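S.K.: In the working numbering, the protein residues as written are 2 to 486. To start, I am sharing the structure in question, which I have written as structure tokens.
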Amino acid sequence: MSLKRSTVKALLASQNLDREVLVKGWVRSRRGNKYVQFIAVNDGSIIHNIQIVAVSEQGKELPLIKLVWEKEIVANTGPSSEEAFKQITTGACLAIRGQLVASQGKGQAVEIQATEITVLGAADPEAYPLQKKATSLEHLRDIAHLRPRTNTFGAVLRVRHALAFAIHDYFNRNGFFYVHTPIITGSDAEGAGQMFRVTTLPPEHPPRTEDGSVDFTQDFFGKPTNLTVSGQLEGELAAMALGSIYTFGPTFRAENSNTARHLAEFWMIEPEVAFNELEENMDLAEDFLQSLVRYALEHCADDLQFLNDQYDKELLTRLSFVVDNAFQRLTYTEAVEILKSAKQRFEFPVDWGTDLQSEHERYLVEKHFKKPVILTNYPKEIKAFYMKLDDDGRTVRAMDVLFPGIGEIIGGSQREEDYTKLTTRMADMHVPADELDWYLDTRRFGTAPHAGFGLGFERLVLFVTGMSNIRDVIPFPRYPKNAAF
Ligand code: ATP
Ligand code: MN
Numbered sequence: 002m003s004l005k006r007s008t009v010k011a012l013l014a015s016q017n018l019d020r021e022v023l024v025k026g027w028v029r030s031r032r033g034n035k036y037v038q039f040i041a042v043n044d045g046s047i048i049h050n051i052q053i054v055a056v057s058e059q060g061k062e063l064p065l066i067k068l069v070w071e072k073e074i075v076a077n078t079g080p081s082s083e084e085a086f087k088q089i090t091t092g093a094c095l096a097i098r099g100q101l102v103a104s105q106g107k108g109q110a111v112e113i114q115a116t117e118i119t120v121l122g123a124a125d126p127e128a129y130p131l132q133k134k135a136t137s138l139e140h141l142r143d144i145a146h147l148r149p150r151t152n153t154f155g156a157v158l159r160v161r162h163a164l165a166f167a168i169h170d171y172f173n174r175n176g177f178f179y180v181h182t183p184i185i186t187g188s189d190a191e192g193a194g195q196m197f198r199v200t201t202l203p204p205e206h207p208p209r210t211e212d213g214s215v216d217f218t219q220d221f222f223g224k225p226t227n228l229t230v231s232g233q234l235e236g237e238l239a240a241m242a243l244g245s246i247y248t249f250g251p252t253f254r255a256e257n258s259n260t261a262r263h264l265a266e267f268w269m270i271e272p273e274v275a276f277n278e279l280e281e282n283m284d285l286a287e288d289f290l291q292s293l294v295r296y297a298l299e300h301c302a303d304d305l306q307f308l309n310d311q312y313d314k315e316l317l318t319r320l321s322f323v324v325d326n327a328f329q330r331l332t333y334t335e336a337v338e339i340l341k342s343a344k345q346r347f348e349f350p351v352d353w354g355t356d357l358q359s360e361h362e363r364y365l366v367e368k369h370f371k372k373p374v375i376l377t378n379y380p381k382e383i384k385a386f387y388m389k390l391d392d393d394g395r396t397v398r399a400m401d402v403l404f405p406g407i408g409e410i411i412g413g414s415q416r417e418e419d420y421t422k423l424t425t426r427m428a429d430m431h432v433p434a435d436e437l438d439w440y441l442d443t444r445r446f447g448t449a450p451h452a453g454f455g456l457g458f459e460r461l462v463l464f465v466t467g468m469s470n471i472r473d474v475i476p477f478p479r480y481p482k483n484a485a486f
């Protein structure tokens with residue numbers, strides 16, 4: 002019977018010792034001499050490595066093991082062994098058979114006493130970029146295709162996975178339906194930023210109409226199309242039929258934001274709930290975020306401990322704090338008062354009616370309240386057309402959730418459900434009603450109060466991992482002048 006591969010994670014947790022096991026993974030390090038060799042192997046299942054030991058019999062030299070290289074046995078006795086082991090370099094991929102035993106050394110509970118090591122793929126130490134010495138995160142961005150092999154990106158990618166799973170799990174448990182909204186959109190009126198054009202017309206010589214403009218009737222869809230900036234408008238349609246829905250998909254923004262918190266391609270989670278008003282929308286956002294962070298603390302303890310020790314000594318404390326403390330809720334108007342009387346000097350001045358900058362958001366969260374903040378009721382001029390107008394006619398039922406180190410992590414609102422008020426707002430803001438006729442049908446037929454928000458997935462991963470640049474929490478970051486890989 003052939004032996005099944007075990008993951009490093011399963012072996013490290015195993016109580017069942019002194020049995021033959023098979024493990025496959027990549028070499029993190031190797032050390033030793035002609036009597037004993039230690040190889041640290043990682044297979045990505047967990048941050049920890051398993052220690053492979055190849056030990057000689059008393060008085061003899063290595064190995065007692067069979068070392069297989071490209072299907073040929075290159076060493077199984079005698080003095081050639083140490084040379085053979087030198088082929089096993091950082092980054093090489095191995096399959097190891099041996100006995101799982103209690104470790105005699107410190108630092109691990111179990112180890113494998115190898116009986117057979119097969120080199121599945123070598124990694125030329127002259128050429129392999131990820132040698133043992135620490136490599137900067139900046140440099141790793143240039144070799145993003147190899148980053149997952151590092152401890153840091155292994156941890157980040159496992160946490161990212163856990164959070165994605167926790168999101169689906171949260172919504173599933175709470176009766177939300179996952180709706181797939183389109184990635185290519187025919188409306189350029191979503192109002193959340195600049196868009197990437199999707200076209201099959203030749204860029205050099207696009208067909209032109211008589212007045213010289215590009216003739217999009219000849220384009221693939223017979224009209225201009227773009228990559229979506231948000232699934233919200235389509236999400237609203239679904240909420241007005243299914244009650245509680247969410248989207249979780251890629252979104253694209255062509256704004257030239259070269260910051261540590263913006264990507265040109267990012268993933269967004271957008272719940273939308275019929276009959277919810279602003280208060281319930283805030284309750285949902287708070288409960289949702291807290292339960293995601295709690296999930297990560299419970300299921301990613303090893304990875305978070307590593308990130309805490311390596312990058313951000315406050316990480317675990319901050320995550321627990323967010324789970325255990327209610328968010329501070331206040332209106333934009335109240336926030337402006339606080340900012341105006343703040344001792345701190347800001348680069349951008351604050352006045353009622355201006356949009357808050359990241360420095361203002363972070364002052365409120367990190368200095369003033371020292372906890373997550375939900376700001377509500379922003380001036381209508383700085384928010385999107387679909388937000389419900391407050392009775393004073395000056396503000397809208399918007400809500401932004403602001404997090405320490407991040408600033409805005411969620412943006413949402415109660416939606417304007419009144420057809421006349423909505424179309425008036427659209428006209429005021431020059432949003433073309435004819436293009437959004439399909440959207441207006443929700444207000445024409447069986448309209449109801451409803452509310453929702455958008456959570457930037459990478460901002461959440463950024464917060465939970467304690468990394469400082471959003472480009473380091475997505476496998477292949479897209480940002481201005483960068484679409485390598
Ligand atoms: P910001 O003011 O930070 O640029 P926004 O107000 O333009 O964000 P929204 O349109 O409200 O963002 O999008 C909802 C959420 O999506 C934001 O709260 C944020 O978490 C995330 N988000 C927005 N733009 C980006 C981006 N370029 N890269 C990564 N995440 C983003
Ligand atoms: Mn926003």
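The C-beta atom is built at its ideal place from N, Cα and C for all residues, glycine as well. Remember, predicted model here, so these are calculated numbers, not experimental data.
Ignoring anything shorter than 4 residues, give me the alpha helix (DSSP H) runs that lie fully in the stretch 312–383, in order along the chain.
M.R.: Here the runs fully enclosed are 316–325, 333–341, 359–363.
S.K.: Tell me which same chain residues have a C-beta within less than 8 Å of the C-beta of T151, skipping the five on either side of it?
M.R.: In the sequence shown, residue 151 corresponds to position 150, counting from 1. Answer for T151: L131, T136, L141, listed in chain order.
S.K.: Let me know if A55 comes out buried or exposed under the rule of 16 or more other beta-carbons within 10 Å of its beta-carbon.
M.R.: Along the sequence shown, one-based indexing puts residue 55 at 54. By the neighbour-count rule (16 or more Cβ atoms within 10 Å), A55 is buried.
S.K.: Drop a sphere of 10 angstroms on the beta-carbon of I411, count the other beta-carbons inside from all chains shown, and report buried for 16 or more, exposed for fewer.
M.R.: Here residue 411 is taken as the residue at index 410 of the sequence shown, counted from 1. By the neighbour-count rule (16 or more Cβ atoms within 10 Å), I411 is buried.
S.K.: Could you tell me whether any non-hydrogen atom of the ligand MN is closer than 6 Å to the CB of G354?
M.R.: Your numbering for residue 354 matches position 353 in the sequence shown. Not under cutoff, so the answer is no.
S.K.: If you scan the stretch 90–115 from start to end, which runs of the beta strand (DSSP E) of 3 or more residues do you find wholly inside it?
M.R.: Within the stretch 90–115, the complete beta strand (DSSP E) runs of at least 3 residues are 94–103.
S.K.: Start and end of the beta strand (DSSP E) containing T226?
M.R.: By 1-based counting over the sequence shown, the position of residue 226 is 225. T226 -> beta strand (DSSP E) spans 226–228.
S.K.: Just to check my reading of the structure: I48 and A156 have Cβ atoms closer than 8 Å, yes? What is that Cβ distance to the nearest angstrom?
M.R.: What you label residue 48 is simply residue 47 of the sequence shown in a count that begins at 1. What you label residue 156 is simply residue 155 of the sequence shown in a count that begins at 1. Confirmed, Cβ separation roughly 6 Å.
S.K.: Would you mind stating whether G408 and R444 have Cβ atoms separated by less than 7 Å?
M.R.: Here residue 408 refers to the residue found at position 407 of the sequence shown. Here residue 444 refers to the residue found at position 443 of the sequence shown. Taking 7 Å as the Cβ cut-off, G408 and R444 do not qualify as a contacting pair.
S.K.: At a cut-off of 6 Å, is M269 close to the ligand ATP when judged by its beta-carbon and the heavy atoms of the ligand?
M.R.: Translated into the one-based positions of the sequence shown, residue 269 becomes position 268. Correct: M269 has its Cβ closer than 6 Å to the ligand ATP.
S.K.: Cβ of G413 within 6 Å of any heavy atom in the ligand MN?
M.R.: Residue numbering aside, residue 413 sits at position 412 when the sequence shown is read from its first letter. Because no heavy atom of the ligand MN lies under 6 Å away, the Cβ of G413 does not count as near it: no.
S.K.: The ligand ATP heavy atoms versus the CB of I375: any closer than 6 Å?
M.R.: The residue you call residue 375 lines up with position 374 of the sequence shown. No, since every heavy atom of the ligand ATP falls outside the 6 Å radius drawn around the Cβ of I375.
S.K.: Counting C-beta neighbours from all protein chains within 10 Å, is the total for D304 16 or more, i.e. buried, or is it exposed?
M.R.: Reading the sequence shown from its first residue, position 303 is the one you call residue 304. Burial call: buried.
S.K.: Using only the alpha-carbon positions, how far apart do S231 and M269 sit?
M.R.: As a working mapping, residue 231 is identified with position 230 in the sequence shown. As a working mapping, residue 269 is identified with position 268 in the sequence shown. Each residue's alpha carbon lies about 8 Å from the other.
S.K.: State yes or no: is the C-beta of R479 within less than 7 Å of the C-beta of E266?
M.R.: One-based indexing of the sequence shown puts residue 479 at position 478. One-based indexing of the sequence shown puts residue 266 at position 265. Contact: yes.
S.K.: Taking all protein chains shown into account, decide if G457 is buried (16 or more other Cβ within 10 angstroms of its Cβ) or exposed.
M.R.: Along the sequence shown, one-based indexing puts residue 457 at 456. G457 should be labelled buried.
S.K.: Counting Cβ pairs closer than 8 Å, one from the stretch 100–107 and one from the stretch 17–36, do we hit at least three?
M.R.: Output reads yes: the stretch 17–36 touches the stretch 100–107.
S.K.: Confirm, please, whether the CB-CB distance from R262 to I475 is below 7 Å.
M.R.: Numbered from its first residue, the sequence shown carries residue 475 at position 474. Numbered from its first residue, the sequence shown carries residue 262 at position 261. Taking 7 Å as the Cβ cut-off, I475 and R262 do not qualify as a contacting pair.
S.K.: With respect to 6 Å, is the separation between the Cβ of E409 and the closest non-hydrogen atom of the ligand ATP below this value?
M.R.: By 1-based counting over the sequence shown, the position of residue 409 is 408. E409 Cβ: within cutoff of the ligand ATP.
S.K.: Along the chain, where does the beta strand (DSSP E) containing K25 start, and where does it finish?
M.R.: Walking along the sequence shown from the start, residue 25 turns up at place 24. Element bounds for K25: 20–33.
S.K.: Name, in chain order, the residues that DSSP records as bridge partners for G408.
M.R.: On the sequence shown, residue 408 is found 407 positions in, with the first residue counted as 1. Looking at the DSSP assignment, G408 forms a beta bridge with F404.
S.K.: Roughly how many angstroms separate the alpha carbons of G223 and A286, rounded to a whole number?
M.R.: Reading the sequence shown from its first residue, position 222 is the one you call residue 223. Reading the sequence shown from its first residue, position 285 is the one you call residue 286. Answer to the nearest angstrom: the Cα atoms are 39 Å apart.
S.K.: Does the beta carbon of L488 fall short of 6 Å from some heavy atom of the ligand ATP?
M.R.: With the chain represented from 2 up to 486, any question about residue 488 goes unanswered, as that position is not in the structure.
S.K.: Any chance the CB of L293 is under 6 Å from a heavy atom of the ligand ATP?
M.R.: Position 292 of the sequence shown, counted from the start, is the residue given in the question as residue 293. Outside the cutoff, so no.
S.K.: Grouping DSSP H, G and I as helix and E and B as strand, with all else coil, what is P204?
M.R.: The residue labelled residue 204 in the question sits at position 203 within the sequence shown. In the structure shown, P204 sits in coil (DSSP, three-state: anything other than H, G, I, E or B).
S.K.: Please return the same chain residues whose Cβ sits closer than 7 Å to the Cβ of T78, not counting the five positions on each side in sequence.
M.R.: As a first step, residue 78 must be located in the sequence shown, where it is residue number 77. Here the model assigns T78 a pLDDT of 47, short of 50, so the residue's position is not dependable, and the following value carries that caveat. There are no such residues.
S.K.: Regarding H206 and the ligand ATP, is the C-beta to nearest heavy atom distance less than 6 Å?
M.R.: As a first step, residue 206 must be located in the sequence shown, where it is residue number 205. No, the Cβ of H206 stays beyond 6 Å of every heavy atom of the ligand ATP.
S.K.: DSSP puts L456 in a beta bridge; with which residues?
M.R.: Here the question's residue 456 lines up with position 455 in the sequence shown. Beta-bridge pairing links L456 to I270, I411.
S.K.: Determine the contact status of A297 and V465, defining contact as a CB-CB distance below 7 Å.
M.R.: For the purposes of this step, residue 297 is identified with residue 296 of the sequence shown, where counting begins at 1. For the purposes of this step, residue 465 is identified with residue 464 of the sequence shown, where counting begins at 1. Cβ atoms of A297 and V465: closer than 7 Å.
S.K.: With DSSP as the reference, identify every bridge partner of H451, one or two as the case may be.
M.R.: On the sequence shown, position 450 is the one that residue 451 refers to. The partner list for H451 (beta bridge, DSSP) reads A275.
S.K.: For S245, which residues does DSSP report across the bridge?
M.R.: In the sequence shown, residue 245 corresponds to position 244, counting from 1. Paired residues: V274.
S.K.: Which residues does DSSP pair with E127 in a beta bridge?
M.R.: Here residue 127 refers to the residue found at position 126 when the sequence shown is read from its first residue. In DSSP, E127 forms no bridge with anything.
S.K.: Under a Cβ-count criterion, where at least 16 other Cβ atoms within 10 Å of its own Cβ denotes burial, should H361 be classed as buried or exposed?
M.R.: For the purposes of this step, residue 361 is taken as the residue at position 360 of the sequence shown. The residue is buried, with at least 16 neighbouring Cβ atoms inside 10 Å.
S.K.: Over the uninterrupted beta strand (DSSP E) stretch that includes F222, give me the two end residues.
M.R.: Here residue 222 is taken as the residue at index 221 of the sequence shown, counted from 1. That residue, F222, is in no beta strand (DSSP E); it is neither H nor E in DSSP.
S.K.: Looking at C-alpha atoms only, which residue of V397, D401, M241, H300 is the closest neighbour of F328?
M.R.: Residue 328 sits at position 327 when you count from the first residue of the sequence shown. For F328, the nearest C-alpha among the options comes from D401.
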